[in-house]
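Have a look at the structure below, then the notes.
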Amino acid sequence: MIGIRDKSRSHSWSIRGVMGAASLMNLLTLPRLRWSSSTEEDDKIVLTKAEVEALQCEIADAEERETHLKAQLENLDEVLRSAWLSGYLYIRTRWTALPGEPPIIDDEEVDDWLPRFVVLQGSYMYYYIKSTDLSPHDTTLLSDIVEVGSLPSFLQGDQKTRYAFYILTYHGLRFECSSISKIQVDSWLRALRTDCKLESDGAAPDDSLKL
372 MIGIRDKSRS
382 HSWSIRGVMG
392 AASLMNLLTL
402 PRLRWSSSTE
412 EDDKIVLTKA
422 EVEALQCEIA
432 DAEERETHLK
442 AQLENLDEVL
452 RSAWLSGYLY
462 IRTRWTALPG
472 EPPIIDDEEV
482 DDWLPRFVVL
492 QGSYMYYYIK
502 STDLSPHDTT
512 LLSDIVEVGS
522 LPSFLQGDQK
532 TRYAFYILTY
542 HGLRFECSSI
552 SKIQVDSWLR
562 ALRTDCKLES
572 DGAAPDDSLK
582 L
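Each number in the working numbering corresponds to the 1-based position in the sequence shown with 371 added.
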């Protein structure tokens, strides 16, 4: 009986050994990796030419992304160092009616406030879609600004109060800017009035409107 048990146990271990070896071979035959049957002590990974080229492309893409990101960070650092004022604002544009034209009806049901990274630098205001953009999406020459003033605060869809101000150019284009920070809005008003040499419009009404 003992011999039979030992034989059975030995057979069981043999099966396990074969299964373990088979599992190991499955791991070593992944689609992207090929293992040589070399008699050398250390097995070597053999890659096809296509696989090597794919890896080289991935490395080149990663290096390109790293270079682009570095350029973005360096540009942002330079912008922040030289800017008089900068930060994210929600902005929308409106055209004022020309003399003799009927007043423009504003559709209050349309939420067209767009986030922009705004930079006050030198003689311009720069509008970036994101702070890491290498070039601005739009610009406004400070000498074109004829009026700067406060707007009533309002409730946005998220039920947060937004404080607002406007910038009017002599072309008739009006930029309306808003932020959840009253301090930020006041800072922009002071900076623009100083740089554009405009007088204060006095205290603005603080009625809450829902857009």
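Virtual Cβ for every residue (Gly too), placed ideally from N, Cα, C.
Being a predicted model, the structure only gives us computed values, none of them experimental.
Straight-line Cα distance separating residue j from residue i
i	j	result
Phe546	Ile554	19 Å
Gln492	Ala562	11 Å
Val556	Glu449	23 Å
Leu580	Phe525	Any answer about Leu580 is weak, because its pLDDT of 44 lies below 50 and its placement is not dependable; what the coordinates show is given next. Between Leu580 and Phe525, the C-alpha separation is close to 4 Å.
Ile516	Ile538	7 Å
Arg452	Thr419	50 Å
Arg487	Thr438	24 Å
Ser407	Lys441	Unreliable placement is indicated for Ser407, whose pLDDT of 49 sits below 50; the coordinate value is still reported in the next sentence. Computed Cα separation, rounded: 41 Å.
Ala431	Val490	33 Å
Ala535	Glu570	18 Å
Ser514	Met496	11 Å
Ser549	Ala433	38 Å
Ile462	Arg436	30 Å
Arg564	Ser521	12 Å
Leu560	Glu429	48 Å
Ala575	Thr464	Model confidence at Ala575 stands at a pLDDT of 43, short of 50, so the residue's coordinates are unreliable; what they give is reported in the following sentence. Distance between the alpha carbons of Ala575 and Thr464: 20 Å.
Simplified DSSP state of residue i, which is helix, strand or coil
i	result
Cys428	helix
Ala562	helix
Ser521	strand
Thr532	strand
Asp482	coil
Leu418	coil
Glu435	helix
Residue i versus the options, residue with shortest Cα-Cα distance
i	options	result
Leu512	Lys531, Phe536, Tyr541	Tyr541
Lys568	Cys548, Ser524, Gly543, Val519	Val519
Asp529	Thr464, Glu570, Leu560, Asp482	Asp482
Leu444	Ser514, Arg463, Trp484, Ser506	Ser506
His508	Arg436, Leu485, Arg564	Leu485
Residues bridged to residue i (per DSSP)
i	result
Glu570	In DSSP, Glu570 forms no bridge with anything.
Glu583	With the chain covering only 372 through 582, there is no way to say anything about residue 583.
Gly458	Val489
Glu554	The residue you asked about is not Glu; residue 554 is Ile in the sequence shown. Answer is none; Ile554 lacks a bridge partner.
Asp504	Asp504 is not bridged to any residue.
Asp509	Tyr498
Short CB-CB distance (under 8 Å) between residue i and chain B
i	result
Trp484	Structure shown: chain B not included; a single protein chain is present.
(message) Would the stretch 420-428 count as touching the stretch 452-469 if we require 3 or more Cβ pairs under 8 Å?
(response) no
(message) Under 8 Å: do the stretch 490-505 and the stretch 456-466 share three or more Cβ pairs, one atom per stretch?
(response) The stretch 490-505 is in contact with the stretch 456-466.
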